[in-house]
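Sequential numbering of the sequence shown, starting at 1, is according to full-length UniProt numbering. Note that the Cβ used here is the ideal one computed from N, Cα and C, for glycine as well. Report on the structure given below.
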Amino acid sequence: MWIHGGIFSRVSDACYWFLVLFPRFFALGMLLWAEYALVSELYRHFGATAPFFLLLLMISGLFLLCLYTYIMVIYVGAGSPQDYPELRKSVRNSENPYSDNMETDANAENGAEMGSDSLPLNNRLQYPPQEFLTSHTLRNNEPVFRWCSSCEVWKPDRCHHCSTCRKCYLRMDHHCPWFSCCIGYNNHKYFVQVLLYITAFSTAVCAVSTWLLYLFFANEQYLQNTYLSLNLVFLFVISLAFVCAVGCFAGFSVYMVLKNYTTIEFQDEKWSHLSDRTAEYEYDENGKKKQLGHLYDLGMARNWQAIMGRTWLEWIFPISVIDTSSVFSKSNGLNFEVHEQVFQKYCYNAQLQEQLNAQLAEYRDRIKGK
1 MWIHGGIFSR VSDACYWFLV LFPRFFALGM LLWAEYALVS ELYRHFGATA PFFLLLLMIS
61 GLFLLCLYTY IMVIYVGAGS PQDYPELRKS VRNSENPYSD NMETDANAEN GAEMGSDSLP
121 LNNRLQYPPQ EFLTSHTLRN NEPVFRWCSS CEVWKPDRCH HCSTCRKCYL RMDHHCPWFS
181 CCIGYNNHKY FVQVLLYITA FSTAVCAVST WLLYLFFANE QYLQNTYLSL NLVFLFVISL
241 AFVCAVGCFA GFSVYMVLKN YTTIEFQDEK WSHLSDRTAE YEYDENGKKK QLGHLYDLGM
301 ARNWQAIMGR TWLEWIFPIS VIDTSSVFSK SNGLNFEVHE QVFQKYCYNA QLQEQLNAQL
361 AEYRDRIKGK
């Protein structure tokens, strides 16, 4: 018992903090090394001249943007419904008229009625806060209000529970190991920007290091007892790798923003992770099955503005565009505008599905009666 409760607990905590801190220190260390190494190489080649200061200004500006946005992704966090006291009220109420339209993490498919503290949901949960939340998740042709039995909080649309962080996050995109945190509503803009900044910074480092390497060989400096700097070689190789890897991920993230997808929603649509998708399809005049479309896709311009802001300054610089001061704010991550035509198709399909289920149930009852 002493070993399990003492040493094991300490080792487990140490491993946890190592996994949390190592990616962060590694990423920040790579940025700091790249900045220091490149500035040193530039000064060695140009000295205190105008070209050196111009390149220093450009490289250092991109470096500071990378550093600031990386820290802000972690500092701001994804945002959680637990941040709003109105969404985590839990009181006894034996007459909850919404008990049939609630989903829990424990069993979202059949509407489980047990929470984390083993009290029936009908006796434990307050009414869904409809004055704060608008649900576009349907069951039995009616909105479903989701409750997280682990966090004991009402979950807005697009909110998910992270098994790694053990917490619900607003418009959760994914859990990123390089930040050791989740990407969600509050820090999504900073995440996209840091990918773009790192791509730009890596491109600049790669271009400058390539140029310096070219000068070394073109001027035949190796014949003048001048050694090739290993820092310069490593800068070129690593920056080229970052341009390819982070650049592809940045492009994919921009695409997701333009389509107003989260990574979870994208995977759900492409690989059918959800089991019940009957209301997400329609048939054309030739009887061919096709998807209704993405519920939150409002067009590329509006999708971009919803996450990145409305002005050029907000797009280029890490300026916050969210307002989490109140549960009534329009940009707090609790409610999202939907494509009304797509939503109406969802509702229509759900109604048809319910009618079909009722007819099948009636048919089965008649068969059993015979």
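For the beta strand (DSSP E) that contains residue i, what are its first and last residues?
i, result
"residue 147", "145–148"
"residue 168", "167–169"
Between which two residues does the alpha helix (DSSP H) harbouring residue i extend?
i, result
"residue 312", "312–316"
"residue 7", "No alpha helix (DSSP H) holds residue 7; DSSP gives it neither H nor E."
"residue 319", "No alpha helix (DSSP H) holds residue 319; DSSP gives it neither H nor E."
"residue 302", "300–308"
"residue 189", "188–218"
"residue 331", "Residue 331 -> no alpha helix (DSSP H), and no H or E assigned at all."
"residue 61", "50–76"
For residue i, which beta-bridge partners are listed by DSSP?
i, result
"residue 44", "In the DSSP output, where bridge partners are listed per residue, residue 44 has none listed."
"residue 176", "181"
"residue 270", "In DSSP, residue 270 forms no bridge with anything."
"residue 254", "The partner list for residue 254 (beta bridge, DSSP) is empty, contrary to what the question assumes."
"residue 138", "143"
"residue 160", "169"
"residue 155", "146"
Among the candidates the options, whose CA atom is the shortest distance from the CA of residue i?
i, options, result
"residue 156", "332, 360, 68", "332"
"residue 322", "169, 187, 145", "187"
"residue 64", "87, 34, 251, 42", "34"
"residue 142", "349, 148, 326", "349"
"residue 139", "363, 353, 219, 12", "353"
"residue 371", "135, 252, 134", "Shown here, the chain extends from 1 to 370; a query on residue 371 therefore has no answer."
"residue 303", "38, 336, 317", "336"
"residue 194", "60, 340, 43, 69", "69"
"residue 162", "47, 152, 174, 154", "174"
"residue 153", "338, 84, 308", "84"
"residue 129", "144, 136, 87", "87"
"residue 267", "294, 243, 242", "294"
"residue 165", "20, 355, 7, 134", "20"
"residue 179", "347, 339, 27, 342", "27"
Three or more C-beta pairs closer than 8 Å, one from the stretch 240–260 and one from the stretch 185–203: is that the case here? Note that the stretch 240–260 touches the stretch 185–203; at least 3 beta-carbon pairs, one per stretch, sit closer than 8 Å.
Is it a yes or a no for the stretch 178–193 touching the stretch 58–78, going by three-plus beta-carbon pairs under 8 Å? Yes, the stretch 178–193 is in contact with the stretch 58–78.
contact_flag[the stretch 256–267, the stretch 225–233] where n(CB pairs < 8 Å) is 3 or more: Segments in contact, no.
The stretch 35–45 touching the stretch 55–64, judged by at least three CB pairs closer than 8 Å: Three or more Cβ pairs closer than 8 Å define a contact, and the stretch 35–45 meets that threshold against the stretch 55–64.
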